[in-house]
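S.K.: Handing you a structure now.
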């Protein structure tokens, strides 16, 4: 009867260990072996931090680079169908479609005659916005009052070689302009004269025929925007500038792939670091393992104990590491892109689960090896 | 005796040595691969950036103004000066000819297309598609297929020596022609080899071999402008200076650096009566994008070095910590702290060297694999890197072991031997 009760007790104990005792063993193990526990935790934190930083960078750098690529200027161009002018409300419609996700700049063109009868292309545009859109333009001075013109270097040599004011005529109407500065791009802009849209319209009465749009986003987002714009403007031709889009997609794709390869290598190395530290830590405690076994603990309980310990270590390491990793990513963003990398909290679950998984693997592996050894052998120090 | 101790330690503790060795090998391998990729990424990305097309343009020196709106040339074709086609191969004779990826001449002429009744005036653009040229003893291929990689053709690219043409996408739709059809241009019938899509003004034009455009214009050897795609070095303080204000020594340095400005200068020298200019949209932005990507890879490489250094030192620390009993025994037999430490450092050195060499080879293979799968080209490993990597491996291994060795040596042998670690 009594042996029956005893075995009942043992069964109950092994099936349902006392929770507070279990917790106590966990905390005491960590406190009594501070040095070893701290080094295991350190490895865990560093690995989680490195993984977080790499994943954060991987997600955010694409957006950062896309911004850099917008320095190449417009990636979408809207022109009137069959060379006609755009409807007067085209610009407002486009601006409401892109809704702050980009820049839309109108251009109007005519061919004017100089006083000695040469043809020259004159463009009217919003000069403040062009300055933002085409940051590669090398300009000596931007015009800021009315009747001031920005001259392409080759046009300047023809119309105003000494920088003196000059006249242009278009359909019997003449305008008197002051050269404010010269423009150099190495492309067709060098042969043009740029005016503010207001001066241009007062003089010629011609409406913008082209709107250039620089919108940052993935290829799918740009294509969706082009679709929307075509629907909003049935009278216009909306085209992607393939030269810019394809170059960007290609370079970004390669950078992304290189970064993914680097992230995999680095995260694997960090996981290896955790693995070797934790295996050492658990192996080192084979005497605890043997004593527990000698006192009658079941294998499930012991594995559970070590697993819980590893999981706790992994969880704490992941949380602390996440914080440090986000800071590292932000620092890299500031150093390289002059804008911090925004913390991505959707990376947290990946890092969290990953850390716990690596910790569990590194705890279970040595236990698997120790299970076959008799506790007496370990306790004797063999 | 010392050598024997080290030898026996390796012979008897194969598992532990293997674990530490594997950690060092992997760490060194990752570090090598990342360093190789980071040092080569500038070259690779700068080649990818050539997808943006030409970054230099060469025009005749005495040219009249371009009258061009939205890519459509409104200048009367008789106007203006021309470059001479015969001068183009000389580009291969310039100092930086290895950096010139390709070039494409352009000659727009206006032509009448169709029957006399409803003939239309259109622009025909003469160019090289992928033309074989010879300079000296050297054969090379150049044309728009290299300088304008975003041009896509449905059908086939015409042969440069044929009189076949490409029709722009929108034009082909207007004229209702497709690849393989025939078209009458300026009184002669030509075959349409394919339909061209560029997303630019060429979609409304006919693109033909250069010789055909010259024949229509009646000016053999004429070229209106020349696009050149070159690999360049990003601008710095030197490149922004005016070459005229430099002293001879500085000028030599400027001339012998692949800045876009110095390549333009050399193109001007090679082609008589020409004016070469950088296309700022392409040339200026290249430098920024390149430096951002290079900077990113440098920082990522630092992270990789840090992670592998940590992995190596963690493995070493674990391996040494497990051998406290051994240390206790040695000390009980009368060994001094210095000789125990020397033994451990000798073992660490051996491990670092073996792991370093194997890891270097593995890392080189890994870098080559990354290069082949991402950039379709080799990533070359400088052999100079090998001793550097080995030195780093030894230093990191020593640093990782130092703490653990110090602790192991300080431990009282009595406790160690009693197993009360």
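Residue numbers (the numbering used here), protein chains in the order written: chain A, 58 to 439; chain B, 27 to 447. Just so you know, even glycine gets a beta-carbon here, dropped at the ideal spot from N, CA and C.
Give the list of continuous alpha helix (DSSP H) stretches no shorter than 4 residues that lie fully inside the region 121-198 of chain A.
M.R.: List check, alpha helix (DSSP H) in window: 147-155, 184-190.
S.K.: Is the CB of residue 311 of chain B under 8 angstroms away from at least one CB in chain A?
M.R.: Closer than 8 angstroms: yes.
S.K.: Under 7 angstroms between beta-carbons, which chain B residues line up against residue 193 of chain A? List them in chain order, please.
M.R.: Under the 7 angstroms cutoff, chain B gives 306, 307, 310, 311.
S.K.: Check each candidate in A:292, A:278, A:186, A:333 and name the one with the smallest Cα separation from residue 142 of chain A.
M.R.: Among A:292, A:278, A:186, A:333, the Cα nearest to that of residue 142 of chain A is on A:292.
S.K.: Return the first residue and the last residue of the beta strand (DSSP E) that residue 234 of chain A is part of.
M.R.: Per DSSP, residue 234 of chain A belongs to the beta strand (DSSP E) from 230-241.
S.K.: Does any residue of chain B have a CB that is nearer than 8 angstroms to the CB of residue 58 of chain A?
M.R.: Reliability fails at residue 58 of chain A, whose pLDDT of 44 lies under 50, so the model's placement of it is uncertain and no value is given.
S.K.: Determine the chain B residues that contact residue 299 of chain A at a beta-carbon separation under 7 angstroms, and present them in chain order.
M.R.: What residue 299 of chain A touches in chain B: 176, 224, 225.
S.K.: One question on the structure: do residue 302 of chain B and residue 75 of chain B come within less than 8 angstroms of each other, judged by their Cβ atoms?
M.R.: No, the Cβ-Cβ distance between residue 302 of chain B and residue 75 of chain B is not below 8 angstroms.
S.K.: Looking only at its own chain, which residues have a Cβ that is under 8 angstroms from the Cβ of residue 343 of chain B, when we skip the five neighbours before and after it?
M.R.: 426, 427, 429, 430.
S.K.: Taking a contact to mean a Cβ-Cβ separation below 8 angstroms, would you say residue 432 of chain A touches residue 347 of chain A in this structure?
M.R.: The answer is yes: Cβ separation under 8 angstroms.
S.K.: Report yes or no: do three or more beta-carbon pairs, one from the region 110-122 of chain A and one from the region 320-339 of chain A, lie closer than 8 angstroms?
M.R.: Yes: the two stretches touch, three or more of their Cβ pairs being nearer than 8 angstroms.
S.K.: Thinking C-beta only, is residue 66 of chain B closer than 8 angstroms to residue 406 of chain B?
M.R.: Yes, the pair counts as a contact, with Cβ atoms nearer than the cut-off.
S.K.: Strictly below 7 angstroms CB to CB, what residues from chain A border residue 60 of chain B?
M.R.: In chain order: 319, 322.
S.K.: Give a yes or no on whether the minimum CB-CB distance between residue 178 of chain A and chain D is below 8 angstroms.
M.R.: In the structure shown, chain D does not exist; the protein chains are A and B.
S.K.: Do the region 233-243 of chain A and the region 188-201 of chain A touch if we need at least three Cβ pairs shorter than 8 angstroms?
M.R.: Contact between the region 233-243 of chain A and the region 188-201 of chain A is present, because at least three Cβ pairs lie under 8 angstroms.
S.K.: Where do the N-terminal and C-terminal ends of the beta strand (DSSP E) with residue 157 of chain B fall, by residue?
M.R.: Taken as a continuous stretch (DSSP letters only), the beta strand (DSSP E) holding residue 157 of chain B covers 157-161.
S.K.: Below 8 angstroms on the Cβ atoms is my contact criterion, and I expect residue 125 of chain A with residue 77 of chain B to pass it. Report the Cβ-Cβ distance as a whole number of Å.
M.R.: 16 angstroms between Cβ atoms; not a contact.
S.K.: Would you say the region 233-240 of chain B touches the region 159-166 of chain B, given that touching needs at least three Cβ pairs under 8 angstroms?
M.R.: Result no; under three Cβ-Cβ pairs closer than 8 angstroms.
S.K.: For the region 117-131 of chain B, which residues have a CB atom closer than 9 angstroms to at least one CB atom of chain A, in sequence order?
M.R.: Within the region 117-131 of chain B, no residue has a Cβ that lies closer than 9 angstroms to any Cβ of chain A.
S.K.: Identify the contact partners of residue 401 of chain B in chain A, using a Cβ-Cβ distance below 7 angstroms as the criterion.
M.R.: Result: 311.
S.K.: Below 8 angstroms on the Cβ atoms is my contact criterion, and I expect residue 200 of chain A with residue 265 of chain A to pass it. Report the Cβ-Cβ distance as a whole number of Å.
M.R.: That belief does not hold up - the Cβ atoms of residue 200 of chain A and residue 265 of chain A are roughly 18 angstroms apart, past 8 angstroms.
S.K.: So residue 54 of chain B packs on residue 326 of chain A, CB below 8 angstroms; how close in whole Å?
M.R.: That belief does not hold up - the Cβ atoms of residue 54 of chain B and residue 326 of chain A are roughly 10 angstroms apart, past 8 angstroms.
S.K.: Less than 8 angstroms separating the beta-carbons of residue 172 of chain B and residue 293 of chain B?
M.R.: No, the pair does not count as a contact, with Cβ atoms beyond the cut-off.
S.K.: Note down, in chain order, every chain B residue with its Cβ under 9 angstroms from the Cβ of residue 251 of chain A.
M.R.: Result: empty, since nearest Cβ-Cβ is about 13 angstroms, beyond 9 angstroms.
S.K.: Output the distance between the C-alpha atoms of residue 129 of chain A and residue 317 of chain B, rounded to the nearest integer angstrom.
M.R.: If I take the Cα positions, the gap works out to 15 angstroms.
S.K.: Using the rule of at least 16 other Cβ atoms within 10 Å of the residue's Cβ for burial, across every protein chain shown, is residue 273 of chain B buried or exposed?
M.R.: Under this definition residue 273 of chain B is an exposed residue.
S.K.: Restricting to Cα atoms, I'd like to know which of B:35, B:408, B:28, B:29 is closest to residue 352 of chain B.
M.R.: When each option's Cα is compared against that of residue 352 of chain B, the closest is B:35.
S.K.: Taking 8 angstroms as the cut-off, does the region 213-233 of chain A touch the region 161-180 of chain A (at least 3 CB pairs, one atom from each stretch)?
M.R.: As far as the Cβ criterion goes, the region 161-180 of chain A touches the region 213-233 of chain A, which means the pair count is three or higher.
S.K.: Against residue 389 of chain A, what residues of chain B qualify as contacts under a CB-to-CB distance less than 7 angstroms, listed in chain order?
M.R.: Within chain B, the residues near residue 389 of chain A are 325.
S.K.: Expressed to the nearest angstrom, what Euclidean distance is found between the alpha-carbon atoms of residue 372 of chain B and residue 379 of chain B?
M.R.: So the two alpha carbons sit approximately 11 angstroms from each other.
S.K.: Could you tell me how far apart the beta carbons of residue 271 of chain A and residue 132 of chain A are, in whole angstroms, since I believe they sit closer than 8 angstroms?
M.R.: Correct: roughly 6 angstroms between the Cβ atoms.
S.K.: I want to check one thing, is the minimum distance from the CB of residue 319 of chain A to the heavy atoms of the ligand NAD below 7 angstroms?
M.R.: With respect to small molecules bound, the structure shown includes none, and the ligand NAD cannot be examined in it.
S.K.: Please go through the same chain and pick out, in chain order, the residues whose beta-carbon is closer than 6 angstroms to the beta-carbon of residue 42 of chain B, but skip the five residues on each side of it.
M.R.: Cβ within range, chain order: 345.
S.K.: How many angstroms separate the CA atom of residue 400 of chain A from the CA atom of residue 376 of chain A?
M.R.: Their backbone Cα atoms lie some 14 angstroms apart in a straight line.
S.K.: Mind pulling the chain A residues with CB within less than 7 angstroms of residue 96 of chain B?
M.R.: Those are 136, 267, listed as they occur along chain A.
S.K.: Tell me, to the nearest whole angstrom, how far the beta carbon of residue 112 of chain B is from that of residue 389 of chain B; I am working on the premise that it is less than 8 angstroms.
M.R.: About 50 angstroms separates the two Cβ atoms, so there is no contact after all.
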